[in-house]
Each structure stands twice: as C-alpha cells, then as structure tokens.
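*Asks:* Provided herewith is a single structure, encoded as structure tokens, for subsequent inquiry.
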DNA sequence: TATAATTTTCAGAAATTTCTGAAATTAAGA
DNA sequence: TCTTAATTTCAGAAATTTCTGAAAATTATA
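Residue numbers (my numbering), protein chains in the order written: chain A, 1 to 190; chain B, 1001 to 1190.
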C-alpha cells in the first residue's frame, strides 16, 4: 500500500489532530485514510498503509465503530472485513459532532444535576451552588441547541451556516413579528 | 484551604473532563476552582486547595492565560498575584469556544489549503484532492459559522439557542420572503 | 468436526504527557 | 545595591496513554 503524498499528508495530519478531536493518533489516521480512500479497505491493508500493528488496527476500528464512523463491507468470496467511513463528509461531521456532545457535555450535566440536589449547609455552599446552577443552565441550553442543530435537515443546516451576519437580522425580524413564527421553547409574550 | 464537598466534586470533575475539553487535569481543576470561588486566589492558595505543587500551579495558570480565561488582581500591600476567571460564565464559555475553534480547526484548514494548491499527477491523486476539497469546504463553512456565533450579541445568541425546532420554521419563512432579509453571504435568487 | 483464516484480547513495552523539586529569574522593598 | 519574596523554568520522575506481539477466540469452509 503506497499512498500518494497528498493522502499521506492528510492522514498524518489527522493523526496529529486526533487527540484534539477526542481520539488517539491511530484512530485519527484510520479515519482519515478510510475517508479519503475511494474503496473499502481491510485491516491488513490499513496496517500496511499506516505501518502499525494489526492489533492496533483492530482496536482502532473498534473505537471508530463505537463512534459510529465506519461501516462494514464484504467482497464476494473473501471473508475478511472491509471498511469505509459511514456516509458523506457531512454525515461524518454530524456524527463526530453528536458523539463529542455526548462525551464532552453529558457527563458534566449529569454531575451538576446531582450536585444541585443537595441542600447547601452554609453561606459558602450556597454561593457555590449558585455558580453551579449558572454553569448548569448554560450547558443545558448548549446541549439543547446542539441537539437542535443535529436534527436539522441538511438543507436547513446549510442555510443557517451560510446566513452569516444575516442571523441577527433574522432574529430581530422574528421578534418584531411577536409570535408570527412560534418557537417550541419560548412562551409568547402576553 | 478546605473546600466544601460540592466545590470539591465540581473541581475534581472538571479535572477529569479537562482532557476532553483540550486541557490537562491541573488546568481543568484550576479553571473550576477559580470559577466557583467567590474571591481571587493566589498561587499558594491554589496549590494548597488542589494539593499540587507550586510549580504545577504556575504552569497551569500560564496555560489558562494563554486561553484568555483568567485575569490578574492585586490586593493593596500584598505583592502576590491573585487570580479569577475572566468575566461571566457566558464570557468564559465563549472564550473556550473561540480558543477551541482556533486549536481544532485552524491548523487543519491551513494544511488542507496547502494540499489543494498542488496539481494532482494522476487519477488517484485527483480523486484524493476531490475529497480534500469536500472536507475543506465543510470546515471552512464551519469556521465561518463559528465566527458568526462568536460575534453574536449575548441577547441574540440566547434567542437563537432557545429557538429549538423554531429554527427551521424561521429559515423556511426567510426563504419565502425571497430577499426580504438580505444575507451577507448568499446571493438573492434572480 | 477438524482445519485454516481472520479477528479480538490483553499483558507488558514504548511513547507521551503531566507533575515535581531544585535552581534560576524577576521584581519589590530596605 | 542588597535582601527577600514571589514567580518561572526545566530536567527528570511519575503517571497515563498508546501500541505491539503472542495467545485466545471466533468464524467459515473442507
């Protein structure tokens, strides 16, 4: 497996960035290679192309499956598993976004919820809990917004992302119409 | 420095999550403690409260300064540096968002831009470059959207995040008005 | 059912990251 | 300027994460 130098650079870079995106170097490289390669690859091919051990590939693929980023293929008369990334580039970005939301937000929301249950015993604890409440409210809203974005149809997501500064005008416009476009989350003013 | 158990749990959790959010345990703990504590703290107090070395605190604070998440204070007649987190919870979230965008997106955009400059030498390279172009377009749009969100006024950001499924209705509405609310990024249909 | 091909698991090796203590540096006050 | 307090730096120790090779488990086919 000899990779074109462009592909090589792409794969190595995704390996480097992997740790910033929530996975390790191998997983980053596997993801990049499976994304850029036009056909499905088996574990042996992946190990050869990335010059890493077969077992490391196995673990990496398992991780990518946990992230829902790869899918299995089979060639007739070949019992080895062949892999590609799951869906279009946009599908993949969406999945990464959702999985990261799960891993980066959910555990904290769960802990903060728990901390907010206990009664503060003194002034100091009361102040702390107030701050915790603030952080909680923010993260909860962020989680809801992330979910909204996740559920948006591709067409709408594109439209939204391309709005640029038009967003604020649209929002302003909306409030002028006072309820003309009802939101599911916000009560209409009396 | 004895911390209330709530605070303790909050701080430890942020330490654990730190690595998922782009910093290490110490930085996560420092950030949490400075956020939840009502008054500015000096390095010695931080080291005592978190039971870590003075030098580790120094490095952690340096890192938090690089993230623009802390600010310095001084007490009259005391030459030690006292620290708090910079601004409100929302300010902090915004800063984390911006800094993460820088660290997680910019290096990749820069590399991909570079890869797109070279001429593909064969079919294989051409296919690869096509994929790179797709990834680049997506990330570029994401970067622009992130910037738009960053620049949004707090009031507008809240409004947007609270829209929920109302977003698609608003977007739909907008296209019906064909240019009624001009966007800076999208050409009006002829 | 036995054999062979493939994949997974996992203990420990290797690599990387984080943390500490000692020394160096900076800066304020005497 | 000298002294002392405070902070920073950094080499190496400690902790953590990643990776490998060998063995075990799984799966298909003869």
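Think of the CB as a built atom: it goes at the ideal place given N, C-alpha and C, for glycine as much as any other residue.
What is the rounded straight-line gap between the Cα of residue 1072 of chain B and the Cα of residue 1013 of chain B?
*Replies:* Looking at the two C-alpha atoms, the distance is approximately 25 Å.
*Asks:* Would residue 971 of chain B be called buried (16 or more neighbouring beta carbons within 10 Å of its own) or exposed?
*Replies:* Residue numbering for chain B in the displayed model covers 1001 to 1190; residue 971 of chain B lies beyond these limits and cannot be assessed.
*Asks:* What residues from chain B crowd round residue 21 of chain A, counting only those whose CB sits closer than 7 Å?
*Replies:* 1104, listed in chain order.
*Asks:* According to a CB-to-CB cut-off of less than 9 Å, which residues of the stretch 73-87 of chain A neighbour chain B?
*Replies:* Residues passing the 9 Å Cβ filter: none.
*Asks:* Just mark residue 15 of chain A as buried or exposed, buried being the case when its beta carbon has 16 or more other beta carbons within 10 Å.
*Replies:* Classification of residue 15 of chain A: buried, given that the 10 Å Cβ count is 16 or more.
*Asks:* Runs of 4 residues minimum, wholly inside the stretch 1126-1162 of chain B: which ones carry the alpha helix (DSSP H) assignment?
*Replies:* Listed in chain order, they are 1154-1162.
*Asks:* Output yes if chain A places a C-beta closer than 8 Å to the C-beta of residue 1004 of chain B; else output no.
*Replies:* Taking Cβ atoms only, chain A reaches closer than 8 Å to residue 1004 of chain B, which makes this a yes.
*Asks:* Is residue 77 of chain A buried or exposed, if buried means 16 or more other CB atoms sit within 10 Å of its CB?
*Replies:* Flag for residue 77 of chain A reads exposed.
*Asks:* Measuring alpha carbon to alpha carbon, tell me which of A:8, A:121, A:54 ends up nearest residue 33 of chain A.
*Replies:* With distances taken between Cα atoms, residue 33 of chain A lies closest to A:8.
*Asks:* Does any residue of chain B have a CB that is nearer than 8 Å to the CB of residue 129 of chain A?
*Replies:* It does: the Cβ of residue 129 of chain A has a partner Cβ on chain B nearer than 8 Å.
*Asks:* Use the C-beta contact count for residue 1 of chain A: other C-beta atoms within 10 angstroms, 16 or more gives buried, fewer gives exposed.
*Replies:* Exposed, by the Cβ-count rule.
*Asks:* I'd like the list of long-range same chain contacts for residue 999 of chain B, defined as Cβ closer than 7 Å, with 5 residues on each side in sequence excluded.
*Replies:* Nothing can be reported for residue 999 of chain B: it is not among the residues displayed for chain B, which extend from 1001 to 1190.
*Asks:* Classify residue 150 of chain A as buried or exposed, calling it buried when 16 or more other Cβ atoms lie within 10 Å of its own Cβ.
*Replies:* That one is exposed.
*Asks:* Per DSSP, what kind of secondary structure is residue 1023 of chain B in: helix, strand or coil?
*Replies:* In the structure shown, residue 1023 of chain B sits in coil (DSSP, three-state: anything other than H, G, I, E or B).
*Asks:* When the Cα atoms are used, what is the spatial distance from residue 188 of chain A to residue 1163 of chain B?
*Replies:* Since pLDDT at residue 188 of chain A reaches only 40, below the 50 mark, its modelled position is unreliable, and the value read off the structure follows with that caveat. So the two alpha carbons sit approximately 12 Å from each other.
*Asks:* Please report the straight-line C-alpha distance between residue 1085 of chain B and residue 1011 of chain B, rounded to a whole angstrom.
*Replies:* Those two C-alpha atoms are separated by around 14 Å.
*Asks:* Rounded to whole angstroms, how far is the Cβ of residue 1132 of chain B from the Cβ of residue 1116 of chain B, which I believe are closer than 8 Å?
*Replies:* So it is a contact: roughly 6 Å between Cβ atoms.
*Asks:* Residues in its own chain within less than 6 Å of residue 67 of chain A by CB, not counting five upstream and five downstream?
*Replies:* Closer than 6 Å at Cβ, skipping near neighbours: 99.
*Asks:* Is DSSP giving residue 1085 of chain B helix, strand or coil here?
*Replies:* Note: residue 1085 of chain B maps to strand in three-state DSSP.
*Asks:* If you follow the alpha helix (DSSP H) that residue 1071 of chain B is in, where does it begin and where does it stop?
*Replies:* Per DSSP, residue 1071 of chain B belongs to no alpha helix (DSSP H); it is in the beta strand (DSSP E), 1070-1075.
*Asks:* By the criterion of Cβ-Cβ separation under 8 Å, what are the contact partners of residue 17 of chain A in chain B?
*Replies:* The contacting residues are 1104, 1107, 1108.
*Asks:* Just checking: is the beta-carbon of residue 1028 of chain B within a distance shorter than 8 Å of some beta-carbon in chain A?
*Replies:* Residue 1028 of chain B does not count as touching chain A.
*Asks:* Which first and last residues belong to the alpha helix (DSSP H) in which residue 80 of chain A is found?
*Replies:* First-last for residue 80 of chain A: undefined, no H or E at that position.
*Asks:* What is the rounded straight-line gap between the Cα of residue 1055 of chain B and the Cα of residue 1074 of chain B?
*Replies:* So the alpha carbons of these two residues sit roughly 20 Å apart.
*Asks:* Please report the distance separating the alpha-carbon of residue 123 of chain A from that of residue 1042 of chain B.
*Replies:* Approximately 22 Å between the Cα atoms of the pair.
*Asks:* For residue 41 of chain A, which residues in chain B fall below 7 Å Cβ to Cβ?
*Replies:* Those within 7 Å of residue 41 of chain A in chain B number zero; the least Cβ separation is about 14 Å.
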